[in-house]
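**Q** Add 1 to the 1-based position in the sequence shown for the working numbering, that's all there is to it.
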Amino acid sequence: MSFFAIGAVIAFVPPALTSTRPLLVVQVPPEASPEEVEALVDDAVLVEIGLALGWRGDPLIRDRLVRDLRFAGQTGDEGTLLDLAERLDLHRRDPLVHARLVDRAREQLQRLTPPDDATLRALYEAQRGRFTSPTVVSFDHVFIANPPDPQPSPEGSPAARAAALLDALNRGVTTSRGDPELALGPSPTRSLPALAKTLGPDFADAVAKAPLERWTGPIASRAGLHLVRVQRRIVPPEPSFAALRPALDSAWRTSQLPLVERERLRTARAAFTIQVTR
């Protein structure tokens with residue numbers, strides 16, 4: 002590989018800075034689609050990057066090639082056998098070595114300069130909701146009916162019964178726990194997202210805004226109408242930037258790696274004159 006090719010794949014020097022572009026011949030199956038051809042070209046370029054990084058210094062590659070040649074009956078010291086492997090092009094054709102070269106190349110292409118605080122603070126402001134624990138609530142609720150009521154009650158519509166029962170509950174009038182309308186009884190502590198998933202987002206939103214220690218409603222859910230008394234609402238504190246810095250750094254890297262690798266691979270491809278043969 003030429004000096005420029007090494008520079009292009011390791012230091013990512015723009016191709017316009019030189020007129021030297023080594024030929025890279027890529028053999029593809031006759032029936033390969035355009036997408037498959039592109040993937041095979043990328044793979045060949047990654048192999049060249051891996052080789053440019055110094056394949057003889059990689060213990061896995063070195064041991065693999067030497068062991069295979071000795072198994073095939075070749076003799077000599079390690080250096081002699083590695084020279085033979087290079088003449089036979091085994092450092093490109095051996096499947097395990099091939100995979101190792103591609104992995105090393107991807108590691109090189111994915112090297113990132115650590116993000117500065119300004120970058121991470123911008124991410125913090127834009128996505129702080131991702132890192133905040135949801136509000137949890139504990140409440141009592143009374144299930145009234147699923148309107149429209151298929152069997153109208155003498156006491157009136159579900160909404161009318163709900164209004165009457167709400168007034169009674171807030172005046173301290175107790176109702177037997179055997180009353181069918183109290184069948185759902187107290188609710189365990191639930192997060193608002195979990196509540197939205199089971200009874201609907203409108204119900205969860207209403208519970209989030211309901212006053213504490215006072216019956217309110219009726220609130221509609223996917224099941225029907227409810228009266229609700231919120232006993233406890235816990236809103237977790239928003240985590241600080243300092244506490245979230247490691248998570249923000251990880252999220253930034255996850256978002257940037259595919260973009261950086263793709264752009265650097267494009268630059269590396271431009272360092273070669275690529276010839277596709279079928």
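A virtual CB, placed ideally from N, CA and C, is assigned to each residue, including glycine.
Between the stretch 231-242 and the stretch 133-141, do three or more beta carbon pairs fall short of 8 Å?
**A** Per the Cβ contact rule, the stretch 231-242 is in contact with the stretch 133-141 (3 or more Cβ pairs under 8 Å).
**Q** With a threshold of 16 other CB atoms inside 10 Å of the CB of T255, please say whether the residue is buried or exposed.
**A** Start at 1 with the first residue of the sequence shown, and residue 255 comes out as number 254. Exposed.
**Q** Within this structure, are the beta carbons of V29 and F273 separated by less than 8 Å?
**A** Your numbering for residue 29 matches position 28 in the sequence shown. Your numbering for residue 273 matches position 272 in the sequence shown. No, the pair does not count as a contact, with Cβ atoms beyond the cut-off.
**Q** So T278 is in the alpha helix (DSSP H); what residue range does that whole segment cover?
**A** Here residue 278 refers to the residue found at position 277 of the sequence shown. It is not in any alpha helix (DSSP H) - T278 instead sits in the beta strand (DSSP E) that spans T274 to T278.
**Q** Under the three-state reduction of DSSP, which class applies to Q257: helix, strand or coil?
**A** Locating residue 257 in the sequence shown gives position 256, counting from the first residue. It is helical.
**Q** Give the single residue among P238, Q276, L25 and R22 whose Cα lies nearest to the Cα of F132.
**A** Here residue 132 corresponds to residue number 131 of the sequence shown, with the count starting at 1. Of the candidates P238, Q276, L25 and R22, P238 places its Cα closest to the Cα of F132.
**Q** Per DSSP, what kind of secondary structure is T76 in: helix, strand or coil?
**A** If you number the sequence shown from 1, residue 76 lands on position 75. T76: coil per DSSP, three-state reduction.
**Q** What residues are listed by DSSP as bridge partners for Q28?
**A** For the purposes of this step, residue 28 is taken as residue 27 along the sequence shown, with counting starting at 1. Answer is T278.
**Q** State the start and end residues of the unbroken beta strand (DSSP E) segment that holds Q232.
**A** The sequence position of residue 232 within the sequence shown is 231, counting from 1. Taken as a continuous stretch (DSSP letters only), the beta strand (DSSP E) holding Q232 covers L226 to I235.
**Q** Can you give me the Cβ contacts of R122 inside the same chain, cut-off strictly under 7 Å, excluding the 5 residues immediately before and after it?
**A** As a position in the sequence shown, residue 122 is number 121, starting the count at 1. Excluding residues within five positions, the ones whose Cβ falls inside 7 Å are F242.
**Q** If you draw a straight line from the alpha carbon of V38 to that of R65, how long is it in whole angstroms?
**A** Within the sequence shown, numbered from 1, the residue matching residue 38 stands at position 37. Within the sequence shown, numbered from 1, the residue matching residue 65 stands at position 64. Straight-line Cα distance between these residues: approximately 28 Å.
**Q** If you run the structure through DSSP and keep just helix, strand and coil, what is P16?
**A** Within the sequence shown, residue 16 is the residue found at index 15, counting from 1. Legend: pLDDT at P16 = 43, less than 50; position of this residue unreliable, no value from coordinates given.
**Q** Just list the residues that DSSP pairs S139 with in beta bridges.
**A** Residue mapping note: residue 139 aligns to position 138 of the sequence shown, counting from 1. S139 pairs with R233.
**Q** So, at 7 Å on beta carbons, what are the nonlocal neighbours of A285 in its own chain, with the 5 sequence-adjacent residues on each side left out?
**A** The requested residue 285 is not part of the displayed model; the chain covers only 2 to 279.
**Q** Whose C-alpha, out of P202, G225, A252 and V277, is nearest the C-alpha of Y125?
**A** Position 124 of the sequence shown, counted from the start, is the residue given in the question as residue 125. Proximity to Y125 across P202, G225, A252 and V277 peaks at A252, based on C-alpha coordinates.
**Q** Thinking A53 and L41 are a contact (beta carbons under 8 Å), I'd like their distance in whole angstroms, please.
**A** The residue given as residue 53 occupies position 52 in the sequence shown. The residue given as residue 41 occupies position 40 in the sequence shown. Incorrect: roughly 19 Å between the Cβ atoms, too far for contact.
**Q** Could you say which of P194, L113 and N171 lies nearest to L213 if we only look at CA atoms?
**A** As a working mapping, residue 213 is identified with position 212 in the sequence shown. Minimum Cα distance to L213 is reached at N171.
**Q** Pick out whichever of V143, D43, E262 and A271 has its Cα sitting closest to the Cα of L226.
**A** Walking along the sequence shown from the start, residue 226 turns up at place 225. Nearest C-alpha to L226: V143.
**Q** According to DSSP, simplified to helix, strand and coil, what is A164?
**A** To locate residue 164, count along the sequence shown from 1; it is residue 163. Helix.
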